[in-house]
Structure formats: C-alpha cells, structure tokens
Amino acid sequence: MRWWIEDFKGVAAASVDVSPGAVTILSGVNSSGKSSLLQSLLLTAQSHYHRGAMVLNGPLTRLGSASDLVRSGARPEITKLGLSFSRDNRRYSGRRGRLQREMWAQFHLAPSPQGTTFALQELEVGWNGDERASRMVLNKTYARAGDVALIREARGEGDGTDYLHLKQAISQGTRTLRTYIAVVGLRPVEVVQVRAAEYVTRQYRRQLQTVFREFESDSDRLYESRYPPVISEFVELLSEAYAGIDGDLPTIIEELRTARSGNPYTFSPVWRNLSAEQQGEYIEAAAVQRAKKPLIVVPLEHNVRGKYGFGSEGLLEDQLAETLGRAQLVLSSLGEALNSVTDRVQYLGPLRDEPRVVWNQWNELARGLPVGTRGEYSAVVLSRNGQKYISYVTPEKDQRSDRLIDAVNTWLSYLEIGDKVWAENLGKLGIGLEVEVNGHRRDLTSVGVGVSQALPIVVAVLAAPLNSLFLVEQPELHLHPAVQSRLADFILRARPDLAIVLETHSEALLTRVRRRISEDDVERAKVAVTFVESSRTGSLSRDLLFNQFGDLSDWPEGFLSGIGEDTAAIVEANLQRIRRLGKDA
Numbered sequence: 119m120r121w122w123i124e125d126f127k128g129v130a131a132a133s134v135d136v137s138p139g140a141v142t143i144l145s146g147v148n149s150s151g152k153s154s155l156l157q158s159l160l161l162t163a164q165s166h167y168h169r170g171a172m173v174l175n176g177p178l179t180r181l182g183s184a185s186d187l188v189r190s191g192a193r194p195e196i197t198k199l200g201l202s203f204s205r206d207n208r209r210y211s212g213r214r215g216r217l218q219r220e221m222w223a224q225f226h227l228a229p230s231p232q233g234t235t236f237a238l239q240e241l242e243v244g245w246n247g248d249e250r251a252s253r254m255v256l257n258k259t260y261a262r263a264g265d266v267a268l269i270r271e272a273r274g275e276g277d278g279t280d281y282l283h284l285k286q287a288i289s290q291g292t293r294t295l296r297t298y299i300a301v302v303g304l305r306p307v308e309v310v311q312v313r314a315a316e317y318v319t320r321q322y323r324r325q326l327q328t329v330f331r332e333f334e335s336d337s338d339r340l341y342e343s344r345y346p347p348v349i350s351e352f353v354e355l356l357s358e359a360y361a362g363i364d365g366d367l368p369t370i371i372e373e374l375r376t377a378r379s380g381n382p383y384t385f386s387p388v389w390r391n392l393s394a395e396q397q398g399e400y401i402e403a404a405a406v407q408r409a410k411k412p413l414i415v416v417p418l419e420h421n422v423r424g425k426y427g428f429g430s431e432g433l434l435e436d437q438l439a440e441t442l443g444r445a446q447l448v449l450s451s452l453g454e455a456l457n458s459v460t461d462r463v464q465y466l467g468p469l470r471d472e473p474r475v476v477w478n479q480w481n482e483l484a485r486g487l488p489v490g491t492r493g494e495y496s497a498v499v500l501s502r503n504g505q506k507y508i509s510y511v512t513p514e515k516d517q518r519s520d521r522l523i524d525a526v527n528t529w530l531s532y533l534e535i536g537d538k539v540w541a542e543n544l545g546k547l548g549i550g551l552e553v554e555v556n557g558h559r560r561d562l563t564s565v566g567v568g569v570s571q572a573l574p575i576v577v578a579v580l581a582a583p584l585n586s587l588f589l590v591e592q593p594e595l596h597l598h599p600a601v602q603s604r605l606a607d608f609i610l611r612a613r614p615d616l617a618i619v620l621e622t623h624s625e626a627l628l629t630r631v632r633r634r635i636s637e638d639d640v641e642r643a644k645v646a647v648t649f650v651e652s653s654r655t656g657s658l659s660r661d662l663l664f665n666q667f668g669d670l671s672d673w674p675e676g677f678l679s680g681i682g683e684d685t686a687a688i689v690e691a692n693l694q695r696i697r698r699l700g701k702d703a
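The number in this note's numbering is simply the position in the sequence shown, starting from 1, with 118 added.
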C-alpha cells in the first residue's frame, strides 16, 4: 500500500510505503518537503469523517489556507493525493463481478474561490490484473446543480457533502444518467441516482411484477433471500400509501404486514386470496408511493448489506447496483482502503513537552494522537492503560504479552535512559510521573531531558492499536547518539505489525539500521529510505533500498553527508600537516 502526493506545498511528486510492517526513514535536506508527505496523511486523516471541505486546520495538523498548499507553478492549480493498494479476489467475488487485485486512486483537490479550503474536484480510480486496465472518473464539474440541490433537500442535508458525477461505471461501460457519488472526506460512501417520478413508478412496477411472477411460480423456493426483503419493502410502501384510510383495505394491509415478517409462506396465501384487480391496484399504489422518493441510493461500505445483497436497499437500488457492476466493488474497496489508512494513523510531532513534575489529565484524546502531538499525554496513558496487556517484541527478540507498563520499562532499560517508570493519578493536580535512575526515583525535572523526549515515542508505539500507521518527526531530538542507535532497534523490533514512517536527520539511527540489516536481524525488504530532494520544478522523492550488506542503492548529494565530509576533511588536513612537518624537518 503506497501513498503519494503531487503539487502539494513545495513537492512536485513524492510517495511513501504505508503497508503494515513497513519501516520508512524519511530523509533529505531542510525544507526539501519531507514533512509534506506526513502532513498530507494527517490532513486526510482529520478530514476522513468530515462532510464537506477538507479540514486544513484541525487536531492533527494546521496548514493554513488552501491557496498556500498548491505548489507554485502547478498547472492547473490543484493538488493531488493518491493511494495504491491491493485487494484479495476471493473476498470480493460474487454476482457483481470479480474485483481485480491491483487498484489505485487519485484525488484532485482545488482551493475554494476564497482560497481558504480544499474541495474534491475529481476522483480517478483505476484497477488492473486482467488483460486490460480499467478506470473511471468522477467529476464535480459535470454535476448538475439542480440535482445536487434536490439530493440535499430530499436528505435534509446542508451544503456539506460533496457529490461527484459518475458518467459511466467503467471504461467503455454502461452510461449512468444523473448518477452521483457522495463523498465524505475523500471517501466514497454512497451512489445516489436522481430519477423522475414517472421513471420510478414505471421501473418499480415492472420490477415488482417480475418478482411476484417468479414468486408465484417458484413455490419450492419461497425462502430464497430475494423474496422476503421485496415483500417487506412492498408492504411498507403500501402502509405509507394507505395510511389513515378507513374500511376493509387497512384490514387487508394489516394482514399483509403481519404475514410479511420474513416468512413468504405466510404472505403467499394472503396475497393469492386477492383478485388480480386488487393485486394490480396494490402494486400500482406501492409504485406511486415509491415515486415520491426521487432518489435511488446504494451504500458503498462493504459492511453495509441491503435487502437484496451487497450494498442495495430496495428493488430499484438493486437494479442500480447491477448496472454499476464491478464499479460498486471498486468504490467500496477504495473506501475500505482509505479507512485502513486514516483509521490507522497515529502521530507524534517533532517537539516534545518540557520535563515537569505533574502532567496534564485529559477528557478525550483526538483520533490519531495517542500521546498528544507533543507527548503531553504519555503520563496519563500509562496511568490509565498501564495495566492493560499488549503484545510486543523484547530487545532480545522474544514475542511477549505483558502489561503496557512492563513493556515500557523493558524498552526504557534497553535504551539506558531509565530502569523503571511510575505514573500516579494525583486527581485534580494531574498525573505524577517518576523514573528510576541508578536505583533512585526521580521526577522528570531531576533527570536528563532525554527521558521526556524518548518516553512518548516508547509509549505511543507500544500502546498503538494493531497494524497502526505511526508517523513521528525527529525522534532523535535531545538524545545521545548511542541512545539514537538503540532507538533504531526499538523501532525495528518492538512492534513488527506497525507501519512506521519517521522523519529524521540522525546518522546514528540510520547506521544502526544498516548494521541490523547486514546482520540479517531484520527483513530488509520491509525497510527503506525515502529521500526527498529539491529541484527547480518542485521536490521529488525516491526510494533508497538496502542490499544484504546494509549498503544503500544510492547515496544522493546531501544525504547524511556531514560526518563523512568532516571525517574526510580531518584526514586531508592531517595529511597536509604531516607533509608540512616533513618539509620543515
């Protein structure tokens, strides 16, 4: 699974691996655009459940105005975010078709006229894996303003939800008229089709008559899953159509309502006792009632199952789902992929809170901030969750299930910045945090600043949910190079299920990674360096891969070259000094 950006801030194109188990070291000179990759993920995560424009300034990141986020010189003035991912054919096969294994999506974001927010203008989705690649394009430009207004009015929405026009389901596929995709954040959540009342009446009548003919002639298969939900919808529409009418009719409908509850065998005798004229009248009444609802809506979440199967909620919805075919699976799996990225995000920023005796309480943390952006809630996490059991790997590479506090102590001891930590709830005062150093308990103001810098990283990683995507900036701050090296071991070993992306300038950390790869201590295919370098047309990224000896596939200019350059300069200066001394002798 890979995330990419184009024309975002100063970056022309860059990407990063976000697959569970992958460790990526983001590197590059200052202001090259490394943090832009992380910020794009944070932007997507904090906008994921928000209807309407992207949340540029939220709990995870604050980016200012949208007009400042489009790369200068980008034409057209849009920013692109993208995701490539795979899906298992076996899970997504069925009567809607068979979903191809490799997929990708690209989201085109444009600033609002005021330049203050981003809005999704276009979504391009592609998939391949068979003899030809396919794609579809959803566009806001071609959405009819009247249709969008009608949808919002019918659903009682404000102007928050975005609707993208779907011209056709797949390349060279069936055209879909007045069909839109509802988008929350970047996630497609529903297909919404607008139809005239005459069309709805005609199509519902025709579909219902077809189902009832099958129903009458198929008495041995009345329990087939198709029939009970059709009957349920039909009787519900009848109840709405004849609500409040006196006489015999309500009695018949009540019999149908009683008989329809999931058992076709009880519905069938009541229905057959009606004359053909009565049956026709009721079918027509239900069709007219259905036409009062101008929308045909098909949910796209894979965990939402409608009345007739995957994602459909009515006869007409089922018909639309059939028309969409594979496209429904593609859009649904895209939503799941976005969920799997954004719901996994756990972030720790580059600055840590200064050491203190008592730390803040919380009411509820923002999604994606396990210990706060500055690590300010590390103490309360230990206080509340320290006794919970977690699964992790020890420094000795043993898989273990321990209490969170014990796991933290194990790794703090390995990092050699403390032997044990205590978190005590002091009520209104907050959380007291102490660490044992050389056999003595001290608060964090009485020990080196390294503890308060490294502790949030250790707590956040060990407490992270399974398969999380952990993003951290400059984990090496205020740490001795030896501790930075051991921190690399922690990142490589402690939680092999996590995807970890760390932005760093630490040569000590990288050198330890190279050492562990050369020792066959880690699977080198899961570790990479993403190097971001500036150019006149915007920064670009490239992956530097490790070989079996721990060496990198390339050493670009500006990549962690300080120590090497200084060492070479020292050697050269000493050689020159020796030569001068030789001449003077």
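The beta-carbon is built from N, C-alpha and C at its ideal position, and this holds for glycine as well.
Inter-residue CB distance, residue i and residue j (contact presumed, cutoff 8 Å)
i, j, result
"Arg611", "Pro513", "7 Å"
"Pro614", "Leu466", "Not a contact, Cβ separation roughly 19 Å."
"Gln321", "Leu434", "6 Å"
"Ser108", "Asp537", "With the chain covering 119 to 703 only, the question about residue 108 has no answer from this structure."
"Ser229", "Ala184", "Note that residue 229 corresponds to Pro in the displayed sequence, not to Ser. Indeed they touch by this definition, with Cβ atoms about 4 Å apart."
"Leu159", "Leu589", "6 Å"
"Ser501", "Asn543", "5 Å"
"Ala163", "Val463", "4 Å"
"Leu161", "Leu174", "7 Å"
"Lys127", "Arg189", "7 Å"
"Ala439", "Gln446", "6 Å"
"Pro674", "Glu651", "6 Å"
"Phe649", "Gly146", "6 Å"
"Ala497", "Ile535", "With a Cβ gap of about 16 Å, Ala497 and Ile535 do not count as contacting."
Under 8 Å between C-beta atoms of residue i and residue j
i, j, result
"Val141", "Val645", "yes"
"Ala300", "Leu658", "no"
"Asp265", "Leu238", "no"
"Leu620", "Pro593", "yes"
"Asp561", "Glu552", "yes"
"Phe608", "Trp529", "yes"
"His283", "Tyr317", "no"
"Val309", "Leu418", "yes"
"Glu591", "Leu156", "yes"
"Pro412", "Ala272", "yes"
Length of the line joining the Cα atoms of residue i and residue j
i, j, result
"Phe203", "Thr294", "26 Å"
"Arg253", "Glu242", "7 Å"
"Gln232", "Glu195", "14 Å"
"Glu351", "His166", "33 Å"
"Ile371", "Gly453", "40 Å"
"Gly176", "Ala687", "47 Å"
"Ala626", "Thr655", "32 Å"
"Lys198", "Val459", "17 Å"
"His596", "Ala572", "9 Å"
"Arg634", "Val647", "15 Å"
"Ala581", "Leu522", "7 Å"
"Glu358", "Val406", "11 Å"
"Val576", "Gly486", "16 Å"
"Asp684", "Ala691", "10 Å"
"Tyr298", "Val312", "8 Å"
"Asp639", "Phe664", "13 Å"
"Gly545", "Ser653", "54 Å"
"Leu605", "Val448", "40 Å"
"Val601", "Pro306", "44 Å"
"Glu354", "Gly244", "39 Å"
"Pro138", "Leu587", "7 Å"
"Gln437", "Gln397", "23 Å"
"Lys425", "Gly432", "With a pLDDT of 38 at Lys425, under the threshold of 50, the predicted position of this residue should be treated as unreliable, though the coordinate-derived value follows. Cα to Cα, the separation comes out at about 6 Å."
"Asn481", "Leu304", "Bear in mind that the predicted position of Asn481 carries a pLDDT of just 48, short of 50, making it unreliable; the figure below should be weighed with that in mind. Their backbone Cα atoms lie some 29 Å apart in a straight line."
"Glu124", "Ala132", "7 Å"
"Ser211", "Arg205", "Confidence in Ser211 is poor, its pLDDT being 44 and thus under 50, which makes the residue's placement too unreliable to answer from."
"Gly493", "Asn503", "15 Å"
Bridge-paired residues (DSSP) for residue i
i, result
"Asp280", "Val301"
"Asn527", "The partner list for Asn527 (beta bridge, DSSP) is empty, contrary to what the question assumes."
"Arg660", "Phe649"
"Trp121", "Val134, Leu201"
"Gln325", "Paired residue(s): none; Gln325 is not in a bridge."
"Leu413", "Val312"
"Ser509", "Ser519"
| message | Please give me, in chain order, every unbroken run of the alpha helix (DSSP H) with length at least 4 that falls completely inside the region 545-605. | response | Counting whole runs of 4 or more residues, the region 545-605 contains the alpha helix (DSSP H) stretches 567-581.
| Unbroken beta strand (DSSP E) runs of length 3 or more, entirely within the region 603-647: which are they? | 617-621
| message | Extract the residue ranges of the alpha helix (DSSP H) inside the region 215-275, only unbroken runs of 4 or more that lie entirely within it. | response | 263-273
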